[in-house]
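Number of protein chains: 2
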Amino acid sequence: MTDLLLTNVRPFGGAATDILIRNGRIESIGRGQSAAGMPVEDGGGAIAIPGLVEAHAHLDKSMWGMGWQVHQAGPSLEDKISNERRLRRELNIDPERQSARQVALAASHGTTAIRSHVDIDTDQKLWCFEGVSATRERFRDVMDIEIVAFPQSGLMIRPGTLELMDEALANGADVVGGLDPCGIDRDPKGQLDAIFTLSQKHGKPIDIHLHEPDELGAFSMEMIIERTRALGLRGKVTISHAFCLGMTDRARAAALTEQLAREDIALATTAPASRPVPAAMEIRQAGIRLCAGSDGIRDTWSPYGNLDMLERALLIGLRYNFRQDADVEYALHICTQGGADVMELRDYGLREGAFADIVLLDTETVTEAVVARPKRKLVLKHGKPVARDGQALFDVE
Amino acid sequence: MTDLLLTNVRPFGGAATDILIRNGRIESIGRGQSAAGMPVEDGGGAIAIPGLVEAHAHLDKSMWGMGWQVHQAGPSLEDKISNERRLRRELNIDPERQSARQVALAASHGTTAIRSHVDIDTDQKLWCFEGVSATRERFRDVMDIEIVAFPQSGLMIRPGTLELMDEALANGADVVGGLDPCGIDRDPKGQLDAIFTLSQKHGKPIDIHLHEPDELGAFSMEMIIERTRALGLRGKVTISHAFCLGMTDRARAAALTEQLAREDIALATTAPASRPVPAAMEIRQAGIRLCAGSDGIRDTWSPYGNLDMLERALLIGLRYNFRQDADVEYALHICTQGGADVMELRDYGLREGAFADIVLLDTETVTEAVVARPKRKLVLKHGKPVARDGQALFDVE
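Those sequence lines, one after another, are chains E and L. According to our numbering, the first sequence is numbered sequentially starting from 1. According to our numbering, the second sequence is numbered sequentially starting from 1.
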């Protein structure tokens with residue numbers, strides 16, 4: 001495990017100090033620490049923040065590094081799902097190779113933990129799960145990766161998927177996934193009962209994609225809340241996207257928010273510019289854990305994305321029209337501590353005792369870092385440098 | 001005037017070719033051109049696009065390079081306007097110095113033409129106008145700058161402003177500005193009559209900021225349309241922002257769109273993630289000129305922005321959920337030809353006879369350029385290199 005004295009850094013843009021790292025953890029923070037014989041890294045007055053947390057990714061899907069693929073899929077969710085199933089094999093979007101590239105890309109941007117949904121369906125079977133699992137093993141000292149067994153092509157409409165998810169969860173998947181129980185599966189009771197049963201069987205948390213808008217999404221959300229309460233899964237469920245909380249009936253959204261808070265159900269957002277979004281400040285006031293993610297990166301769904309969670313903080317700021325520095329700092333909080341809270345990362349943060357997952361940024365303030373998105377000067381994972389000046393310090397094919 | 005042979009470039013990502021530039025203009029496009037004694041620039045297979053057009057900027061406002069200023073202004077438009085008037089002198093946000101910095105920043109990102117609104121009020125008087133005018137003169141060979149005489153603090157509520165605008169227009173301002181005739185001036189008839197009269201007096205076009213939402217904005221928009229029609233100003237009016245066209249009553253918005261098209265009234269957008277926006281594809285189908293801009297850059301209003309119109313194309317794509325390559329290319333069109341159409345730039349584009357305002361981008365496709373926003377490899381203004389590898393080739397203080 002790594003020992004390192006990191007000198008002259010400014011935690012969250014505050015006063016300059018030193019960080020003493022021993023055995024991959026922050027032993028102490030303060031000036032004038034004795035570190036005889038330890039390697040020393042001069043932070044040069046850079047801002048230090050804890051490692052960025054990518055809390056909603058799809059590491060198995062990206063075509064990064066495969067040459068440009070023209071996007072022509074139709075507009076509906078079903079168009080994109082079936083287009084992807086077809087292209088995955090046609091183009092050989094190999095989940096192991098592609099997830100490894102994503103790990104290098106994420107590390108280069110200062111991300112030190114990722115929750116990745118991984119497609120499981122009766123065509124791919126466990127190909128995606130096994131590929132991302134191999135990548136997780138290979139980069140264990142670079143990135144914490146949590147795998148969600150995700151029924152991208154539907155669960156009830158695709159018999160055999162549930163058994164495959166069960167197998168993935170028995171073999172190391174960390175989280176039970178779900179997807180639009182009305183919109184995709186056309187059987188909300190069926191899907192939700194199935195995934196909550198899986199969660200209980202394996203003792204693992206749940207993360208459900210919920211794109212359904214307005215009252216339809218609210219209905220599915222209520223069914224999720226009901227099961228969370230009935231099964232005592234308080235604090236163990238995440239709803240991703242939750243566009244329905246951005247509906248125009250604010251009183252209805254506020255009532256749902258209150259119920260989410262009561263069951264400590266977390267939310268994940270990508271802060272999409274083109275969709276209604278949960279009201280971040282109401283979510284915050286209600287004490288609901290809120291994290292963020294990049295979603296798909298240059299995949300068959302869309303050409304966008306770069307796995308840069310500092311840029312995601314910018315997009316959060318723009319989406320919510322955060323203009324005061326304190327609010328922009330909250331956008332970054334969502335992309336750091338918010339993700340750690342949802343992934344239940346133990347020992348996270350810029351504090352004594354925590355793992356030394358640290359990112360250095362050469363700007364004057366945290367808000368400037370979010371709006372300017374400088375190349376990450378240095379990224380430490382458990383005290384070990386994994387990226388410098390925007391480049392990962394390890395190779396992938 | 002500049003002569004140059006630009007070899008091995010791919011116009012809009014098409015087949016590689018050469019571009020022969022003589023006297024600052026594109027003389028011919030094609031392989032095997034004879035250019036004895038001319039300087040040669042090897043494009044290395046990069047994509048060539050015409051210069052980016054920044055069609056809604058505020059060059060006089062930015063605090064770029066002044067050290068970080070914490071943002072604490074209140075939420076209303078009036079809060080931000082009065083906060084700015086106060087800080088401008090307190091912090092010495094010198095319009096000449098700051099606009100020069102903006103020109104260098106814009107050029108570094110491949111922008112070759114800018115329409116800038118410039119604040120005119122009874123506190124600043126013509127300080128901002130004169131500063132940006134001086135910058136325009138200084139950088140005449142680097143950037144086309146169009147100046148809008150803009151009553152940021154209101155026209156009717158601030159007697160004396162109209163006379164100052166009149167003076168600016170007599171002294172080189174190109175466009176008559178306006179601002180929320182209901183929301184700010186509380187006198188739509190008064191403001192609109194005043195600025196349309198100025199337009200007629202000086203024979204200059206109009207560009208009106210219209211943030212007013214929903215039916216209020218629709219009302220102001222109708223008053224603008226009525227005056228455009230009555231005074232025969234077809235093709236001479238731009239409405240910036242036009243949030244009201246994103247209102248939920250789509251039939252109402254469609255009827256307004258039809259009237260805008262009839263009077264050839266152009267629209268400018270920043271594609272804000274947090275506001276309703278005109279439906280870009282409906283605007284396009286109606287044949288309405290649509291351009292884009294960065295709006296304020298790291299000013300007293302907000303910490304955001306970098307004057308990168310390739311990034312603006314990305315934000316347009318995200319705002320409108322453009323996922324197919326052809327649609328992302330349209331986002332870039334808005335930031336190039338769209339701006340040229342609104343600014344009525346003569347001889348614009350990648351075609352023989354046009355001015356050689358050219359940007360080289362090292363990506364495989366145009367869509368990849370928009371999503372990846374690479375450093376601009378080379379920027380030519382009238383054939384002359386003004387930026388290379390993301391750096392302006394000229395100095396400002």
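Backbone N, C-alpha and C define an ideal beta-carbon position, used for all residues, glycine too. On a predicted model such as this, the values are computed, not experimentally measured, just so you know.
Is residue 202 of chain L closer than 8 Å to residue 117 of chain L when the C-beta atoms are compared? Taking the second sequence and counting its residues from 1, the one referred to as residue 117 of chain L is at position 117. Taking the second sequence and counting its residues from 1, the one referred to as residue 202 of chain L is at position 202. Cβ atoms of residue 117 of chain L and residue 202 of chain L: not closer than 8 Å.
Is the beta carbon of residue 224 of chain E closer than 8 Å to that of residue 64 of chain E? Mapped onto the first sequence, residue 64 of chain E falls at position 64. Mapped onto the first sequence, residue 224 of chain E falls at position 224. Contact flag unset, no.
So the candidates are L/167, L/340, L/257, L/56; which of them puts its Cα closest to the Cα of residue 287 of chain L? Within the second sequence, the letter at position 287 stands for residue 287 of chain L. It is L/257.
Taking CB distances under 8 Å as the criterion, tell me whether residue 67 of chain L reaches chain C. Absent here is chain C; the protein component of the structure consists of chains E and L.
Per DSSP, what kind of secondary structure is residue 71 of chain L in: helix, strand or coil? For the purposes of this step, residue 71 of chain L is taken as the residue at position 71 of the second sequence. Residue 71 of chain L falls in the coil class under three-state DSSP.
Find out if the Cβ-Cβ distance for the pair residue 108 of chain E, residue 390 of chain E is shorter than 8 Å. Start at 1 with the first residue of the first sequence, and residue 108 of chain E comes out as number 108. Start at 1 with the first residue of the first sequence, and residue 390 of chain E comes out as number 390. Yes, the Cβ-Cβ distance between residue 108 of chain E and residue 390 of chain E is below 8 Å.
Evaluate the contact criterion for the region 19-39 of chain E versus the region 329-341 of chain E: three or more CB pairs, one atom per stretch, below 8 Å. no
Quick one: is residue 281 of chain L buried, meaning 16 or more other Cβ sit within 10 Å of its Cβ, or exposed? As a working note, residue 281 of chain L is residue 281 in the second sequence. Exposed.
At 3 residues or longer, what runs of the beta strand (DSSP E) sit wholly inside the region 263-305 of chain L? 266-269, 290-292
Count the other CB atoms, across all protein chains shown, that sit within 10 Å of the CB of residue 112 of chain L; report buried if there are 16 or more and exposed otherwise. Residue numbering aside, residue 112 of chain L sits at position 112 when the second sequence is read from its first letter. Buried, because 16 or more other Cβ atoms sit within 10 Å of the Cβ of residue 112 of chain L.
Express the C-alpha separation of residue 349 of chain L and residue 179 of chain L in angstroms, rounding to a whole number. Locating residue 179 of chain L in the second sequence gives position 179, where the first residue counts as 1. Locating residue 349 of chain L in the second sequence gives position 349, where the first residue counts as 1. Spanning the two alpha carbons is a distance of roughly 31 Å.
In whole angstroms, what is the alpha-carbon distance linking residue 41 of chain L and residue 71 of chain E? Mapped onto the second sequence, residue 41 of chain L falls at position 41. Mapped onto the first sequence, residue 71 of chain E falls at position 71. The straight-line gap from Cα to Cα measures roughly 33 Å.
Residue 267 of chain E at chain L interface by Cβ criterion, 8 Å: In the first sequence, the residue the question calls residue 267 of chain E occupies position 267. So, not an interface residue.
In the DSSP assignment, find the alpha helix (DSSP H) that holds residue 54 of chain L and state where it starts and stops. By one-based count along the second sequence, residue 54 of chain L stands at place 54. Premise fails: residue 54 of chain L lies in the beta strand (DSSP E), 52-57, not in any alpha helix (DSSP H).
Is there a Cβ of chain L sitting closer than 8 Å to that of residue 99 of chain E, yes or no? For the purposes of this step, residue 99 of chain E is identified with residue 99 of the first sequence, where counting begins at 1. No, residue 99 of chain E does not count as interfacial toward chain L.
Could you check if residue 95 of chain L is buried or exposed, using at least 16 other CB atoms within 10 Å of its CB as the buried criterion? The count along the second sequence starts at 1 and reaches residue 95 of chain L at position 95. By the neighbour-count rule (16 or more Cβ atoms within 10 Å), residue 95 of chain L is buried.
Following the continuous beta strand (DSSP E) through residue 112 of chain E, name the residue where it begins and the one where it ends. Position 112 of the first sequence, counted from the first residue, corresponds to residue 112 of chain E. Taken as a continuous stretch (DSSP letters only), the beta strand (DSSP E) holding residue 112 of chain E covers 111-119.
Return no unless some Cβ of chain L is closer than 8 Å to the Cβ of residue 330 of chain E. Within the first sequence, the letter at position 330 stands for residue 330 of chain E. With 8 Å as the cut-off, residue 330 of chain E does not count as an interface residue toward chain L.
Residues, ordered as in the chain, of the region 146-158 of chain E that lie near chain L by beta-carbon distance below 9 Å: none
I'd like the list of long-range same chain contacts for residue 127 of chain E, defined as Cβ closer than 7 Å, with 5 residues on each side in sequence excluded. Counting from 1 along the first sequence, the entry for residue 127 of chain E is found at position 127. Closer than 7 Å at Cβ, skipping near neighbours: 95.
Is the distance from the Cβ of residue 305 of chain E to the Cβ of residue 364 of chain L below 8 Å? Taking the first sequence and counting its residues from 1, one reaches residue 305 of chain E at position 305. Taking the second sequence and counting its residues from 1, one reaches residue 364 of chain L at position 364. It is not a contact, given that the beta carbons lie outside the stated cut-off.
Rounded to whole angstroms, what's the CA-CA distance from residue 205 of chain E to residue 199 of chain E? Just pull it up for me. Here residue 205 of chain E refers to the residue found at position 205 of the first sequence. Here residue 199 of chain E refers to the residue found at position 199 of the first sequence. So the alpha carbons of these two residues sit roughly 6 Å apart.
Please confirm if residue 303 of chain L has its CB atom under 8 Å from at least one CB of chain E. Indexing the second sequence from 1 puts residue 303 of chain L at position 303. Yes, residue 303 of chain L counts as interfacial toward chain E.
Applying a beta-carbon distance threshold of less than 8 Å, which residues of chain L neighbour residue 325 of chain E? For this step, residue 325 of chain E is matched to residue 325 along the first sequence. The contacting residues are 70, 71, 72, 303.
If you draw a straight line from the C-alpha of residue 187 of chain L to the C-alpha of residue 319 of chain L, how long is it? As a working mapping, residue 187 of chain L is identified with position 187 in the second sequence. As a working mapping, residue 319 of chain L is identified with position 319 in the second sequence. Spanning the two alpha carbons is a distance of roughly 32 Å.
By the 10 Å Cβ neighbour count, where 16 or more other Cβ atoms means buried, how is residue 246 of chain L classified, buried or exposed? Taking the second sequence and counting its residues from 1, the one referred to as residue 246 of chain L is at position 246. Residue 246 of chain L comes out buried.
Along chain L, which residues have their Cβ under 7 Å away from the Cβ of residue 365 of chain E? For the purposes of this step, residue 365 of chain E is taken as the residue at position 365 of the first sequence. Those are 68, listed as they occur along chain L.
To be precise: take each residue of the region 309-325 of chain L, compare its Cβ to all Cβ atoms of chain E, and keep it if any distance is under 8 Å. Which residues remain? 314, 315, 317, 318, 319, 320, 321, 323, 324, 325
Can you confirm whether residue 40 of chain E, when its beta carbon is compared against all beta carbons of chain L, has any partner nearer than 8 Å? Translated into positions along the first sequence, residue 40 of chain E becomes position 40. By this cut-off, residue 40 of chain E is not an interface position.
Give the residues of chain E in contact with residue 387 of chain L, contact being defined as C-beta atoms less than 7 Å apart. Working through the second sequence from its first residue, we reach residue 387 of chain L at position 387. Here the premise fails: no neighbours, minimum Cβ distance about 18 Å.
For residue 385 of chain E, write down the residues that DSSP places opposite it in a beta bridge. Along the first sequence, read from residue 1 onward, the residue named residue 385 of chain E stands at position 385. DSSP, once it has assigned bridges, lists E/380 as partnering residue 385 of chain E.
Less than 8 Å between CB atoms is the rule here; does residue 368 of chain E satisfy it with respect to chain L? By one-based count along the first sequence, residue 368 of chain E stands at place 368. Judged by the 8 Å Cβ criterion, residue 368 of chain E is in contact with chain L.
Could you round the C-beta distance between residue 260 of chain L and residue 290 of chain L to whole angstroms and report it? I think they count as a contact, below 8 Å. For the purposes of this step, residue 260 of chain L is identified with residue 260 of the second sequence, where counting begins at 1. For the purposes of this step, residue 290 of chain L is identified with residue 290 of the second sequence, where counting begins at 1. With a Cβ gap of about 10 Å, residue 260 of chain L and residue 290 of chain L do not count as contacting.
How do the region 370-389 of chain L and the region 25-45 of chain L stand: do at least 3 beta-carbon pairs fall below 8 Å, yes or no? yes
By Cβ distance below 7 Å, which residues in the same chain neighbour residue 308 of chain E in space, the five residues on each side in sequence not counted? As a working mapping, residue 308 of chain E is identified with position 308 in the first sequence. These residues qualify, in order along the chain: 109, 373.
Considering only DSSP beta bridges, list what residue 33 of chain L is partnered with. As a first step, residue 33 of chain L must be located in the second sequence, where it is residue number 33. Bridge partners of residue 33 of chain L: none, in fact.
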